[in-house]
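Asks: The structure under discussion is supplied below as structure tokens; questions concerning it will follow.
There are 2 protein chains.
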Amino acid sequence: MSETVPTRETIEAAHQLVAPWIHRTPVMTSQFFNRLCGAELFFKCENLQKIGAFKARGGLNAILSLSPEQLKNGVTTHSSGNHAQAIAFAAAKVGAKAYIVMPENSPLVKIRAVEEYGAEITFCVNTPEARQETVDQITEKTGATFIHPFNNYEVIAGQATATKELIEDVKAHLDVIVAPVGGGGLLSGTALSARYFSPETKVYAGEPEGAADAVLSFRSDKIEKAPYVKTIADGLLTYLGDKTFPIIKDHVTDVLLVSDEEIIAAMRYLWERMKIVVEPSGAVSLAAIIRNKEAFTGKKIGVILTGGNVDLGKLPF
Amino acid sequence: MSETVPTRETIEAAHQLVAPWIHRTPVMTSQFFNRLCGAELFFKCENLQKIGAFKARGGLNAILSLSPEQLKNGVTTHSSGNHAQAIAFAAAKVGAKAYIVMPENSPLVKIRAVEEYGAEITFCVNTPEARQETVDQITEKTGATFIHPFNNYEVIAGQATATKELIEDVKAHLDVIVAPVGGGGLLSGTALSARYFSPETKVYAGEPEGAADAVLSFRSDKIEKAPYVKTIADGLLTYLGDKTFPIIKDHVTDVLLVSDEEIIAAMRYLWERMKIVVEPSGAVSLAAIIRNKEAFTGKKIGVILTGGNVDLGKLPF
Numbered sequence: 001m002s003e004t005v006p007t008r009e010t011i012e013a014a015h016q017l018v019a020p021w022i023h024r025t026p027v028m029t030s031q032f033f034n035r036l037c038g039a040e041l042f043f044k045c046e047n048l049q050k051i052g053a054f055k056a057r058g059g060l061n062a063i064l065s066l067s068p069e070q071l072k073n074g075v076t077t078h079s080s081g082n083h084a085q086a087i088a089f090a091a092a093k094v095g096a097k098a099y100i101v102m103p104e105n106s107p108l109v110k111i112r113a114v115e116e117y118g119a120e121i122t123f124c125v126n127t128p129e130a131r132q133e134t135v136d137q138i139t140e141k142t143g144a145t146f147i148h149p150f151n152n153y154e155v156i157a158g159q160a161t162a163t164k165e166l167i168e169d170v171k172a173h174l175d176v177i178v179a180p181v182g183g184g185g186l187l188s189g190t191a192l193s194a195r196y197f198s199p200e201t202k203v204y205a206g207e208p209e210g211a212a213d214a215v216l217s218f219r220s221d222k223i224e225k226a227p228y229v230k231t232i233a234d235g236l237l238t239y240l241g242d243k244t245f246p247i248i249k250d251h252v253t254d255v256l257l258v259s260d261e262e263i264i265a266a267m268r269y270l271w272e273r274m275k276i277v278v279e280p281s282g283a284v285s286l287a288a289i290i291r292n293k294e295a296f297t298g299k300k301i302g303v304i305l306t307g308g309n310v311d312l313g314k315l316p317f
Numbered sequence: 001m002s003e004t005v006p007t008r009e010t011i012e013a014a015h016q017l018v019a020p021w022i023h024r025t026p027v028m029t030s031q032f033f034n035r036l037c038g039a040e041l042f043f044k045c046e047n048l049q050k051i052g053a054f055k056a057r058g059g060l061n062a063i064l065s066l067s068p069e070q071l072k073n074g075v076t077t078h079s080s081g082n083h084a085q086a087i088a089f090a091a092a093k094v095g096a097k098a099y100i101v102m103p104e105n106s107p108l109v110k111i112r113a114v115e116e117y118g119a120e121i122t123f124c125v126n127t128p129e130a131r132q133e134t135v136d137q138i139t140e141k142t143g144a145t146f147i148h149p150f151n152n153y154e155v156i157a158g159q160a161t162a163t164k165e166l167i168e169d170v171k172a173h174l175d176v177i178v179a180p181v182g183g184g185g186l187l188s189g190t191a192l193s194a195r196y197f198s199p200e201t202k203v204y205a206g207e208p209e210g211a212a213d214a215v216l217s218f219r220s221d222k223i224e225k226a227p228y229v230k231t232i233a234d235g236l237l238t239y240l241g242d243k244t245f246p247i248i249k250d251h252v253t254d255v256l257l258v259s260d261e262e263i264i265a266a267m268r269y270l271w272e273r274m275k276i277v278v279e280p281s282g283a284v285s286l287a288a289i290i291r292n293k294e295a296f297t298g299k300k301i302g303v304i305l306t307g308g309n310v311d312l313g314k315l316p317f
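Chains A and B, in that order, are what the protein sequence lines are.
Heads up, the final residue of the first sequence is numbered 317 in full-length UniProt numbering, and it's a clean run with no missing numbers.
Heads up, the final residue of the second sequence is numbered 317 in full-length UniProt numbering, and it's a clean run with no missing numbers.
In structure tokens:
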């Protein structure tokens, strides 16, 4: 695994590597949202990506970057969400074994999705310590390479390719790009791609009030944990890593908080008006724009819709 | 309004006319559905079209084909569904007045959508006779041009542009295209575009068992009504017209029936696996393919997903 921040060339190489395996997801526009926000919005629909989330990009780039010797021993990670599916999916593509550590209370639909790709699941109690410990046992026993969900430069470079495509596919110059922040893998990739491929574009993060670690870290200039964690945006619960935080600190303009009510409203708007299924975490960027629309009036805004993996039996509306 | 079946040139002209006002909707693919059906599926996502349905195409082509004198008196139609929105939307684009006749029991969400485009709504009791009578009164009083939801060659030529785009955007040769059938506007347009732009492609229709008029008409060679009308696919309740039936009879290979359970299952699959919102009528093509998958094994199949206008508060799952 690389130990240096992805360069422009690294991200270009990552894109070449993953492009044959992923969807070039559409960039959608909507008069309804343009009117609602008083701006021009370009939605990068990563909810329509393979496995239903942008994480396919990072997982693929990390696994395709491994040597045949490394792949022989397989890969491992811990995740209850989209990264688990991404690693299982990417490992299956190259015929490598994937060992996925999932909390024992993971939703059945997510467990099934990982199983479908032929990954081996190990369950553990749902604490960060237990997850890491279980992964450590697996790496020791199997020699599998651990692929962190976000604090990994190959993963960051992979996630960066979504914004590279967005910039290429929008004919106009984007004033702003908004991405959600959890551990910061997508956000740091977004920031790097904006810097390299559209340097005048400002990058903002959207973050749930109920997982407000990034906004604190951004202000205090060191990695902070959230004062409390309680949000429907279950993909954004974690805090920044030592690889993602410095990139975010350098290249992101601000972190914008949104409430769960705002997330659910944005999500419902996307379903009703754009006819696409977006998960709560995936609607955070739009929620941040709607809440701060006065600040964005008249701007051309790229909006990363990150994922669409929801349980239709448990909708918040 | 034209009195001759659209030619290749008519459909090309219609496409040029409507293209600036509509989305060129994406053609999506999914490994999941390919495996499920044992075929290669190309989904033309008209649920992502303006107003959430392909009907924007036909409405626009009909209205953009009118003379300035005709437009001065406005346009009128009767519809409780997507055609009402399409006419309201298209009239607003050209600054014409739209008089929409809707049954008094229309869903509030559909009434609101028509109002949003600034159309004038007249309510009537929900019988075909009352609808037509109310429209006749409007045309007499205002001189507005009546635009039939499907039995109109401009509307048919407009709907045909969806399949023209599908054929252009799929790099491979399509063996089959499947579209749902209600009044037959989309289906006859689909059949004409296939004939002109991909003559070796066979066109099949999907029809709900609870609105099985087209399959009867197809077998008996005259326009028939359904023996009973009861289906969740509320966009497909009507029977064929004297302009749509002959085209369908000539150019469609077969009409395939599906049950409401099969429609709901296909709809849910589309939401869960493709992360797109499709209404029951919009999932009928896929339901027909899944039910008849042995007949389609190994084929390259274009699938028209027609619309995504659903009430999220009333989902069948």
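Just so it is clear, CB atoms sit at the ideal spot from N, CA and C, and this is done for glycine as well.
Only a predicted model underlies this, so the values are computations on that prediction, with no experimental measurement involved.
(1) To which residues does DSSP link residue 39(A) through a beta bridge?
(2) First and last residue of the beta strand (DSSP E) that includes residue 288(A)?
(3) Since residue 206(A) is in the alpha helix (DSSP H), which residue starts that stretch and which ends it?
(4) Could you name the residues that DSSP lists as bridge partners for residue 146(B)?
(5) So what does residue 27(A) bridge to, in DSSP terms?
(6) Count the other C-beta atoms from every protein chain shown that fall within 10 angstroms of the C-beta of residue 83(B), then say buried if there are 16 or more, exposed otherwise.
(7) Decide if residue 205(B) is buried, meaning its Cβ has at least 16 other Cβ atoms within 10 Å, or exposed.
(8) Could you check where the beta strand (DSSP E) with residue 180(B) kicks off and where it finishes?
(9) Can you name the residues of chain B whose CB is closer than 9 Å to the CB of residue 317(A)?
(10) Reducing DSSP to helix, strand and coil, say where residue 232(B) ends up.
(11) Can you tell which of 243(A), 297(A), 220(A) and 280(A) has its C-alpha closest to the C-alpha of residue 81(A)?
(12) Touch check for the region 25-36 of chain B and the region 255-271 of chain A: three-plus C-beta pairs under 8 Å?
(13) DSSP on residue 237(A), reduced to helix/strand/coil?
(14) Kindly identify the DSSP beta-bridge partner or partners of residue 6(B).
(15) Using 7 Å as the threshold, is the C-beta distance between residue 303(A) and residue 43(A) below it?
(16) Does residue 110(B) get closer than 7 Å to chain A when you measure Cβ to Cβ?
(17) Closest by CA to residue 60(A), which one among 70(A), 68(A), 48(A) and 88(A)?
(18) Using the DSSP secondary-structure output, state which residues sit across from residue 102(A) in a beta bridge.
(19) Where does residue 221(A) land, buried or exposed, given buried means 16+ other C-beta within 10 angstroms?
(20) Check whether the region 113-129 of chain A and the region 157-173 of chain A are in contact - that is, three or more C-beta pairs closer than 8 Å.
(21) Mark residue 297(B) as exposed unless 16 or more other C-beta atoms lie within 10 angstroms of its C-beta, in which case mark it buried.
(22) In whole angstroms, what is the alpha-carbon distance linking residue 198(A) and residue 174(A)?
(23) Among the candidates 28(A), 249(A) and 46(A), whose CA atom is the shortest distance from the CA of residue 49(B)?
(24) Which whole-angstrom value describes the C-beta separation of residue 101(A) and residue 301(A), a residue pair presumed to lie in contact below a C-beta threshold of 8 Å?
(25) Roughly how many angstroms separate the alpha carbons of residue 233(A) and residue 121(A), rounded to a whole number?
(26) If the cut is a Cβ gap below 7 Å, which residues of chain A does residue 47(B) touch?
(27) So residue 253(A) is in the alpha helix (DSSP H); what residue range does that whole segment cover?
(28) Between residue 66(B) and residue 31(A), what straight-line distance do the alpha-carbon atoms span, to the nearest angstrom?
(29) Rounded to the nearest angstrom, what separates residue 113(B) and residue 107(A) at their Cα positions?
(30) Can you list, in chain order, the residues of its chain with a C-beta nearer than 6 Å to that of residue 213(B)? Leave out the 5 residues immediately preceding and following it.
(31) Compare the beta carbon distance of residue 351(B) and residue 218(B) with 7 Å and say whether it is the shorter of the two.
(32) Identify each residue in the region 299-311 of chain B for which the Cβ-Cβ distance to at least one residue of chain A is less than 7 Å, and report them in chain order.
(33) By the three-class DSSP mapping on this structure, what secondary structure does residue 300(B) have?
(34) Helix, strand or coil: which one does DSSP assign to residue 160(A)?
(35) When DSSP builds the beta bridges, which residues end up paired with residue 276(A)?
(36) Return helix, strand or coil for residue 66(A), following the three-state DSSP convention.
Replies: In short, the structure shows the following:
(1) None; residue 39(A) has no bridge partner.
(2) Note, residue 288(A): premise wrong, no beta strand (DSSP E); alpha helix (DSSP H) at 284-291.
(3) Annotation for residue 206(A): no alpha helix (DSSP H) segment contains it, though the beta strand (DSSP E) segment containing it runs 202-208.
(4) BP columns for residue 146(B) point to 76(B).
(5) DSSP output for residue 27(A) lists 44(A) as bridge partner(s).
(6) Flag for residue 83(B) reads buried.
(7) Answer is buried; the Cβ neighbour count reaches 16.
(8) Looking at the DSSP string, the run of the beta strand (DSSP E) that includes residue 180(B) is 176-180.
(9) Here the neighbours are 312 and 313.
(10) Coil at residue 232(B), not helix or strand.
(11) When each option's Cα is compared against that of residue 81(A), the closest is 280(A).
(12) Taking a cut-off of 8 Å on C-beta distances, the region 25-36 of chain B does not touch the region 255-271 of chain A, as fewer than three cross pairs fall below it.
(13) Per DSSP, reduced to three states, the secondary structure at residue 237(A) is coil, with no helix or strand assignment.
(14) According to DSSP, which records beta bridges pairwise, residue 6(B) is partnered with nothing at all.
(15) The Cβ atoms of residue 303(A) and residue 43(A) lie closer than 7 Å to each other.
(16) Closer than 7 Å: no.
(17) That would be 88(A), whose Cα lies nearest to the Cα of residue 60(A).
(18) Looking at the DSSP assignment, residue 102(A) forms a beta bridge with 123(A).
(19) A residue is called buried when at least 16 other Cβ atoms come within 10 angstroms of its Cβ; residue 221(A) does not meet this threshold and is exposed.
(20) In the pairwise beta carbon analysis, the region 113-129 of chain A is classified as not touching the region 157-173 of chain A: fewer than three pairs are separated by under 8 Å.
(21) Exposed: under 16 other Cβ atoms inside 10 Å.
(22) About 8 Å.
(23) Comparing Cα positions, the closest option is 28(A).
(24) Contact annotation, residue 101(A) with residue 301(A): C-beta distance approximately 37 Å; criterion of less than 8 Å not satisfied.
(25) So the two alpha carbons sit approximately 24 Å from each other.
(26) Listed along chain A, the residues sitting closer than 7 Å to residue 47(B) by beta-carbon distance are 275.
(27) Per DSSP, residue 253(A) lies in no alpha helix (DSSP H); the unbroken beta strand (DSSP E) holding it starts and ends at 252-258.
(28) C-alpha of residue 66(B) to C-alpha of residue 31(A): approximately 25 Å in a straight line.
(29) Inter-residue distance for residue 113(B) and residue 107(A) is about 36 Å (C-alpha atoms, whole angstroms).
(30) Counting only Cβ-Cβ distances below 6 Å, and skipping sequence neighbours, we find 224, 225, 226 and 239.
(31) The requested residue 351(B) is not part of the displayed model; chain B covers only 1 to 317.
(32) Only 308 from the region 299-311 of chain B bring a Cβ to less than 7 Å from some Cβ of chain A.
(33) Three-state DSSP puts residue 300(B) in a strand.
(34) Annotated three-state conformation of residue 160(A) is helix, per DSSP.
(35) Partner residues in the beta bridge of residue 276(A), as assigned by DSSP, are 276(B).
(36) DSSP places residue 66(A) in coil when its eight states are reduced to three.
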